[in-house]
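Numbers in this note's numbering are just positions in the sequence shown, counted from 1, shifted up by 532.
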Amino acid sequence: MPMNELVERALSSLELMRDIYVYGDTDEESAAAATKLRQAGYLNVSELKGGLPAWKAFGYPVDTVVTATVF
């Protein structure tokens, strides 16, 4: 999700006490996203160091969404 949409979309759909895990292309991007969410009032924000590859390397579950293009 683009960084400029992050807080607006979170506020429209997530309660402030919800656990939120953020990751990005870099650890710095993840930290920036987490900071924005905390500044918006979210209390339980965690940064995933190493991004999605690190999550998968630890063997944590991943859901895959398959989309199809209809012509």
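Ideal Cβ placement from N, Cα and C applies to all residues, glycine included.
Under the three-state DSSP convention, the category residue i falls into
i, result
"residue 547", "coil"
"residue 539", "helix"
For residue j and residue i, the rounded distance between their alpha carbons
i, j, result
"residue 559", "residue 573", "21 angstroms"
"residue 595", "residue 587", "12 angstroms"
"residue 543", "residue 561", "20 angstroms"
"residue 575", "residue 545", "15 angstroms"
"residue 579", "residue 601", "33 angstroms"
"residue 581", "residue 591", "15 angstroms"
"residue 549", "residue 534", "22 angstroms"
Beta-carbon separation (whole angstroms), residue i vs residue j, contact threshold 8 angstroms
i, j, result
"residue 551", "residue 583", "With 8 angstroms as the limit, residue 551 and residue 583 do not qualify as a contact, their Cβ atoms being about 18 angstroms apart."
Buried/exposed call for residue i, threshold 16 Cβ in 10 Å
i, result
"residue 589", "exposed"
"residue 569", "buried"
"residue 554", "buried"
The ligand SAM heavy atom lying under 6 angstroms from the CB of residue i
i, result
"residue 595", "Looking for the ligand SAM in the displayed structure turns up nothing, as the structure carries no ligands at all."
Any 3 or more C-beta pairs closer than 8 angstroms across the stretch 564-573 and the stretch 534-541: yes
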